[in-house]
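Enquirer: One structure, pasted below without further comment.
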Amino acid sequence: MWDSAIPELGHGLVHEWFNRTEIFIANTDHVETTLLLKMPFVKKIKTDAYFSRFQVKYRRRREGKTDYYARKRLVTQAKNKYNAPKYRLVVRFTNKQVIVQVVYARLQGDFILAAASSKELPRYGINHGLTNWTAAYATGLLCARRALTKVGLADKYEGVTEPNGEYSVTEAIEEDDAPRPFKCYLDVGLKRTSTGSRVFGAMKGASDGGIFIPHNEKRFPGYDPESKELDAEVLKKYIFGGHVAEYMESLEEEDDERFKKQFSTYLTDGIGSEDIEEIYTNAYAAIREDPSFKPTEKSKDWKAESLKYKVPRLTLEQRKQRIAEKIEKFQADGLDKEDDDE
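Here the sequence shown stands for residues 1 to 342, numbered as in full-length UniProt numbering.
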């Protein structure tokens with residue numbers, strides 16, 4: 001019975017094998033023999049060579065900020081293309097804003113061709129919900145129009161002037177000597193690429209703005225993975241803030257107190273669920289009319305404010321004069337003390 005369980009070992013090793021084995025017989029309907037090998041605990045010893053040859057990961061990888069596996073593929077350009085960098089559409093989210101940038105990499109570091117933030121949207125009439133899906137779309141559209149204006153392609157590639165929710169990719173103009181569309185690759189960073197994510201809202205806005213971004217419809221809201229079709233009406237609803245309007249209506253019916261608390265800023269400005277689509281429609285038209293960056297007016301000169309408490313550095317002459325004054329004061333105090341003693 002035991003011969004089949006014992007491994008084929010030499011006679012001198014059989015006794016050692018049994019010492020490392022616990023035999024447990026379970027009394028059930030049929031007798032089962034279970035051999036549980038007791039593996040000895042081996043402590044992993046890190047030698048001097050381990051520490052002397054240890055190489056730390058890149059700083060931004062240690063801090064959890066950069067996915068270098070993805071970055072390598074987004075940055076590396078074909079070696080037969082000279083001075084033609086790969087452009088990336090970088091989309092990042094904070095608690096209060098959406099940031100979209102067109103970036104290219106050089107040996108010195110990353111350089112920003114154009115950038116837009118959802119903090120600029122109040123200039124175009126969007127004062128609320130600056131981090132939602134629709135705000136991401138508007139920020140992507142603003143960044144795209146700004147980048148194309150800078151490279152001189154804004155008139156040739158207008159993109160989708162009237163968004164209808166249909167899947168579309170910017171195509172080259174079929175004319176002789178016509179410039180190709182400006183090409184970007186989406187850079188999501190460490191953001192999870194779930195279906196319906198705001199990242200793809202910014203990408204859709206940039207694509208409708210006239211930038212050629214290779215993508216498909218699988219990650220847009222309204223895509224059905226079973227039928228493998230995109231519901232254009234759902235996507236159009238998200239583009240014009242319809243999902244926010246629907247939520248406002250449902251919340252007002254279910255819990256009026258919570259509705260007044262959550263949408264208090266909307267109600268203060270007199271904005272209802274029926275006004276949202278018009279706000280975004282006008283904003284998209286205003287963005288296309290003037291996408292240029294205009295710095296906001298500052299209430300204070302913050303540079304002068306920050307220097308107010310900074311002690312200025314003394315020159316050599318000032319330091320010598322200061323030392324001479326201290327010596328003179330010290331000597332004068334010493335003479336006064338001698339006079340008091342007398």
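The beta-carbon is built from N, C-alpha and C at its ideal position, and this holds for glycine as well.
All values reported here derive from a predicted model rather than from experimental measurement.
By how many angstroms is the C-alpha of Ser-168 removed from the C-alpha of Gly-129?
Expert: Distance from the CA of Gly-129 to the CA of Ser-168, rounded to the nearest whole angstrom, comes to 26 angstroms.
Enquirer: According to DSSP, what are the bridge partners of Ala-116?
Expert: Val-100
Enquirer: Using 10 angstroms around the beta-carbon of Leu-335, count the other beta-carbons present and answer buried if the total reaches 16, otherwise exposed.
Expert: Flag for Leu-335 reads exposed.
Enquirer: First and last residue of the alpha helix (DSSP H) that includes Val-244?
Expert: Following the DSSP letters along the chain, one finds Val-244 inside the alpha helix (DSSP H) bounded by residues 242–254.
Enquirer: Hey, quick one: how far does the alpha helix (DSSP H) through Tyr-69 stretch, first residue to last?
Expert: 68–75
Enquirer: Tell me whether Asp-269 sits in a helix, a strand or coil according to DSSP, three-state version.
Expert: In this structure, Asp-269 counts as coil in the three-state DSSP scheme.
Enquirer: By the three-class DSSP mapping on this structure, what secondary structure does Gly-201 have?
Expert: helix
Enquirer: With a cut-off of 8 angstroms on the beta carbons, I'd call Ile-287 and Val-244 a contact; round off their distance for me.
Expert: Not really, about 19 angstroms apart at Cβ, beyond 8 angstroms.
Enquirer: Can you give me the Cβ contacts of Arg-219 inside the same chain, cut-off strictly under 6 angstroms, excluding the 5 residues immediately before and after it?
Expert: Thr-195 and Phe-200
Enquirer: Helix or strand or just coil, what does DSSP make of Gly-334?
Expert: Annotated three-state conformation of Gly-334 is helix, per DSSP.
Enquirer: By a C-beta neighbour count over all protein chains shown, 10 Å radius and 16 as the cutoff for buried, is Phe-293 buried or exposed?
Expert: exposed
Enquirer: If the criterion is Cβ atoms closer than 8 angstroms, does the pair residue 345 and Thr-170 meet it?
Expert: Since the first and last residues shown for the chain are 1 and 342, residue 345 lies out of range.
Enquirer: In angstroms with no decimal places, state the Cα-to-Cα distance between Pro-181 and Asp-290.
Expert: 21 angstroms
Enquirer: Whether or not the stretch 157–168 and the stretch 98–107 are in contact is what I'm after, with contact meaning three or more pairs of Cβ atoms, one per stretch, closer than 8 angstroms; do they touch?
Expert: no
Enquirer: Using the beta-carbon count (16 or more within 10 Å), is Val-91 buried or exposed?
Expert: buried
Enquirer: Should Glu-297 go down as buried or exposed, given a rule of 16 or more other Cβ atoms within 10 Å for buried?
Expert: With fewer than 16 Cβ atoms within 10 Å of its Cβ, Glu-297 is classed as exposed.
Enquirer: Express the C-alpha separation of Lys-46 and Leu-36 in angstroms, rounding to a whole number.
Expert: With a pLDDT of 46 at Leu-36, under the threshold of 50, the modelled position of this residue cannot be trusted, and the question is left open.
Enquirer: If you draw a straight line from the alpha carbon of Val-141 to that of Glu-233, how long is it in whole angstroms?
Expert: The identity of residue 141 in the sequence shown is Leu, whereas the question assumes Val. Cα to Cα, the separation comes out at about 20 angstroms.
Enquirer: Report the option in Phe-259, Lys-44 and Gly-125 whose CA atom is closest to the CA atom of residue 365.
Expert: The structure shown has nothing for residue 365, since the chain only spans 1 to 342.
Enquirer: Tell me the DSSP secondary structure of Phe-263 in three-state form.
Expert: coil
Enquirer: Does DSSP classify Ala-84 as helix, strand or coil?
Expert: coil
Enquirer: For Ala-105, name the three-state secondary structure that DSSP assigns.
Expert: strand
Enquirer: State buried or exposed for Asp-255, treating a residue as buried only when at least 16 other CB atoms are found within 10 Å of its CB.
Expert: exposed
Enquirer: Taking the Cβ atom as the reference point for each residue, do Thr-131 and Tyr-238 lie within a distance shorter than 8 angstroms?
Expert: no
Enquirer: So the candidates are Arg-198, Pro-122 and Asp-110; which of them puts its Cα closest to the Cα of Tyr-137?
Expert: Nearest of Arg-198, Pro-122 and Asp-110 to Tyr-137, Cα basis: Arg-198.
Enquirer: Between which two residues does the beta strand (DSSP E) holding Asp-177 run?
Expert: No beta strand (DSSP E) contains Asp-177, which DSSP labels as neither H nor E.
Enquirer: Looking only at its own chain, which residues have a Cβ that is under 7 angstroms from the Cβ of Pro-221, when we skip the five neighbours before and after it?
Expert: Gly-196, Val-234, Leu-235 and Tyr-238
Enquirer: Classify Lys-326 as helix, strand or coil using the three-state DSSP reduction.
Expert: helix
Enquirer: Please state if the CB of Ser-264 and the CB of Glu-249 are separated by a distance shorter than 8 angstroms.
Expert: no
Enquirer: Does DSSP classify Asp-155 as helix, strand or coil?
Expert: coil
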